[in-house]
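Below is one structure, written out as structure tokens; comments come after it.
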Amino acid sequence: MAIIEIQNLRKTFRSGDVDVHAVAGVDLRVEKGEFLAVVGKSGSGKSTLFHVLGGLTPPTSGTVKIDGKDLTAMNEAGRTRLRRESVGFVFQKYNLLPTLTVRDNLEIARDISGVKGPWGEQFLDVIRILGIEGKMDRKPRQLSGGEQQRVAIARAIVNQPAILLADEPTGNLDTENSNLVLGLLKHLNKKFGQTVLMITHDPEAAAFADRTVQMRDGLLHGA
Amino acid sequence: MVYKLVYENLKHRPARTLLSALAIGLGVTMMLTLVGLGEGMMDDQANRARGVGADLVVRAPGSSVVGMGSLSMNQNILNYLRSQPHVVMATPVGIHSTGGVSSIMGVNFDEFSAMGGGFKFREGGKFADQGEVIIDDLYAREKKLRVGSTLNTMNRDWRVAGVFASGKLGRVMIPLTLLQELASANGKITMVYVKLDDSSQTSAVIAGLKKDLPEYPIYAMDELIKQFSVSNLPELNAFIGVVVALSVLFGFLVVFLAMYTAVLERTREIGILKALGAGPGYVLGILLRETVLLAVIGSAAGILMSYGTRWLISTFIPASFVQAIVYSWWPISAAITLCSAVLGVLYPALKAAKQDALDSLSYD
Chain A
122 MAIIEIQNLR
132 KTFRSGDVDV
142 HAVAGVDLRV
152 EKGEFLAVVG
162 KSGSGKSTLF
172 HVLGGLTPPT
182 SGTVKIDGKD
192 LTAMNEAGRT
202 RLRRESVGFV
212 FQKYNLLPTL
222 TVRDNLEIAR
232 DISGVKGPWG
242 EQFLDVIRIL
252 GIEGKMDRKP
262 RQLSGGEQQR
272 VAIARAIVNQ
282 PAILLADEPT
292 GNLDTENSNL
302 VLGLLKHLNK
312 KFGQTVLMIT
322 HDPEAAAFAD
332 RTVQMRDGLL
342 HGA
Chain B
148 MVYKLVYENL
158 KHRPARTLLS
168 ALAIGLGVTM
178 MLTLVGLGEG
188 MMDDQANRAR
198 GVGADLVVRA
208 PGSSVVGMGS
218 LSMNQNILNY
228 LRSQPHVVMA
238 TPVGIHSTGG
248 VSSIMGVNFD
258 EFSAMGGGFK
268 FREGGKFADQ
278 GEVIIDDLYA
288 REKKLRVGST
298 LNTMNRDWRV
308 AGVFASGKLG
318 RVMIPLTLLQ
328 ELASANGKIT
338 MVYVKLDDSS
348 QTSAVIAGLK
358 KDLPEYPIYA
368 MDELIKQFSV
378 SNLPELNAFI
388 GVVVALSVLF
398 GFLVVFLAMY
408 TAVLERTREI
418 GILKALGAGP
428 GYVLGILLRE
438 TVLLAVIGSA
448 AGILMSYGTR
458 WLISTFIPAS
468 FVQAIVYSWW
478 PISAAITLCS
488 AVLGVLYPAL
498 KAAKQDALDS
508 LSYD
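Spelled out as structure tokens, the structure:
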């Protein structure tokens, strides 16, 4: 069952007097429970693809379906709902809220989604797997980069999204922490069937995925 | 959870939070101090009028009930008043303004003292006929005077002969005849205080007096004291209106600047919230709650600071001004502050709510 279906996706930006075709006709199908890596150099359009899939920016044309929801027809409110209900993000810069503790960073994601009550057993298991159960009362500045990224992963899946989108999740980490974070993403993918789409420029990071596609000049190769 | 975020945001920048709250509080303090001064000075006047010990007062035609008055009434009226039934004493008082809210009062000391049950002197005693003055203890404290000190007023130096406990109508008193002479108003007085043999006859006596003296404002003391109210001072009410408007503007600008800066500073955090699926209402709610909390803290600070202004006034200028704590204005000033704060946050909050998630996340 496909959780992401993309047909002839295009995203064009206006830069001065010039149209930049960042995504120039992409077709892609990602199955539920798959771990896919999109590999490309800087300027290849992979980040724009990430932003469109995450509902952070609307596509210019084409069809994009996430968990059966047609993103093309969505307005800003619809894309906000999509981010709330169906997508979890892991960014290169972690993007944790600096004034909140780890626990509260996780709680606020639940609060935004309107989820109440105690954490479920599965999520407690995730926290144990990520090794952050002892860091719950710490602020992000008290954590290492690797720890912050593990918290970001926990936050991304706290509401059990249909897809986890990771944009260069190891871009700010050393090799040891990179391997740890990628190993954890793979483990979560295998253990809980969490669909993961990872954007990276690093072939070694991409090697952790089940499948890799290349992005070049706004087009996907090997999809 | 949102409240926790709001609390942590305020805690994260303690100096800014404190300064914003204090600045918001200043508006509250301005309102409470001004209203307190109005109420306090009216209460003080009422208390001092009560200290005269009279049953009724006759003022000059056309004079204001709560105003200071001037030497404009012919003192021949005294003979008429003293001849009326039930009148056991009628004592004249002359008031001469010495600038601002200060005045000097001329009295026939023995008569005036007897009507009010006597002066309580902290030091010294009554003035001699020429060149001496008596002052109340608040005036003495404000001007750092004591018995034997020299007080310059009405273009001449006076020796302080006595310091009496306040509550006797005036703060600075000299013999009435001397005041009349210095003010070039011989035979003129400002008002007459009348004591009756039976206070229950006050209304009947006033009715009789009004028949013969239709142009003279005549009040029972109870009635006069009720007139000492801020509502009878339209100029003060207009001034309070101006201060309220300034406070609203002040609060608006403080919150606008504080929250505008906060929104700019938190652009990335707003982007994170939006990436997590927070809609405009959620972001708006955070900033509104933060503002309301700031306004509440600011209002509390403003109320506390109004106790500070009262202390300053009562310590340094106790004779010139009296500030009351007007509890009924606490919720009013807090509500006004809250409204101005909410107005101030609207633009920054709407700007934040409309911020593009992607642009915000790219912000460094």
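Protein chains in written order, with this note's numbering: chain A, 122 to 344; chain B, 148 to 511. Glycine included, each C-beta is placed from N, C-alpha and C at the ideal position.
| Check | Outcome |
| --- | --- |
| Supposed contact pair residue 340 (chain B) and residue 240 (chain B) - C-beta distance, whole angstroms, cut 8 Å | 6 Å |
| Residues near residue 397 (chain B) in its chain [Cβ-Cβ closer than 6 Å; skip 5 each side] | 174 |
| Sequence-distant residues of its chain with Cβ nearer than 8 Å to residue 305 (chain A) (five each side left out) | 250, 251, 271, 274 |
| Residue 310 (chain A) burial status per 10 Å Cβ neighbour count (16 or more: buried) | buried |
| Min CB distance residue 109 (chain A) to chain B below 8 Å | Residue 109 (chain A) lies beyond the stretch modelled for chain A, which goes from 122 to 344, so this question has no answer here. |
| At least three beta-carbon pairs within less than 8 Å, the region 482–495 of chain B to the region 399–415 of chain B | yes |
| Anticipated Cβ contact below 8 Å, residue 254 (chain B) with residue 323 (chain B), distance rounded | 6 Å |
| Cutoff 6 Å; reference residue 307 (chain A); Cβ partners in own chain excluding five residues on either side | 329 |
| Where the beta strand (DSSP E) through residue 262 (chain A) begins and ends | Taken as a continuous stretch (DSSP letters only), residue 262 (chain A) belongs to no beta strand (DSSP E), as it is neither H nor E. |
| Exposed unless 16 or more other CB atoms sit within 10 angstroms - verdict on residue 425 (chain B) | buried |
| First through last residue of the beta strand (DSSP E) which encompasses residue 363 (chain B) | Residue 363 (chain B) -> no beta strand (DSSP E), and no H or E assigned at all. |
| Continuous alpha helix (DSSP H) stretch holding residue 455 (chain B): start and end | 427–463 |
| Given 8 Å, three or more beta-carbon pairs between the region 189–198 of chain A and the region 213–232 of chain A | no |
| Sequence-distant residues of its chain with Cβ nearer than 6 Å to residue 207 (chain A) (five each side left out) | 187, 188, 282, 283 |
| Selection of the region 231–264 of chain A by Cβ proximity to chain B, strictly under 7 Å | 232, 233, 234 |
| Within-8 Å CB hit, residue 289 (chain A) to chain C | This model lacks chain C altogether, as its protein chains are A and B. |
| Helix, strand or coil at residue 244 (chain B) [DSSP, three-state] | strand |
| Within 8 Å, strictly: CB atoms of residue 218 (chain B) and residue 337 (chain B) | yes |
| Whole-angstrom C-beta distance between residue 265 (chain B) and residue 310 (chain B), which should lie under 8 Å | Not really, about 15 Å apart at Cβ, beyond 8 Å. |
| For residue 410 (chain B) and residue 500 (chain B), the rounded distance between their alpha carbons | 10 Å |
| Bridge-paired residues (DSSP) for residue 324 (chain A) | Answer is none; residue 324 (chain A) lacks a bridge partner. |
| C-beta atoms of residue 209 (chain A) and residue 278 (chain A) nearer than 8 Å | yes |
| 8 Å Cβ cutoff met for residue 206 (chain B) and residue 363 (chain B) | yes |
| Proximity test, Cβ basis, 8 Å: residue 425 (chain B) and chain A | yes |
| Chain B contact residues for residue 322 (chain A), given Cβ-Cβ distances below 7 Å | None at all; the shortest Cβ gap to chain B is about 18 Å. |
| Three-pair Cβ contact test at 8 Å for the region 277–296 of chain B versus the region 343–358 of chain B | no |
| Anticipated Cβ contact below 8 Å, residue 345 (chain A) with residue 171 (chain A), distance rounded | The structure shown does not extend to residue 345 (chain A), since chain A is modelled only from 122 to 344, so the question has no answer here. |
| Rounded distance between the beta-carbons of residue 149 (chain B) and residue 432 (chain B), thought under 8 Å | 6 Å |
| Rounded distance between the beta-carbons of residue 178 (chain B) and residue 130 (chain B), thought under 8 Å | Residue 130 (chain B) lies beyond the range of chain B shown here (148 to 511); nothing can be said about it. |
| Member of A:128, A:236, A:298, A:223 whose CA lies at the smallest distance from the CA of residue 183 (chain A) | A:128 |
| Rounded C-alpha distance that separates residue 345 (chain B) from residue 245 (chain B) | 37 Å |
| Residue burial classification, residue 211 (chain B) (beta-carbon count within 10 angstroms, cutoff 16) | exposed |
| Contact under 8 Å by Cβ, residue 143 (chain A) with residue 339 (chain A) | yes |
| Distance CB(residue 308 (chain B))-CB(residue 328 (chain B)) smaller than 8 Å | no |
| Closest by C-alpha distance to residue 536 (chain B), when choosing among B:176, B:187, B:157 | The structure shown does not extend to residue 536 (chain B), since chain B is modelled only from 148 through 511, so no value can be given for it. |
| Residue closest to residue 447 (chain B), alpha-carbon to alpha-carbon, out of B:504, B:485, B:233 | B:485 |
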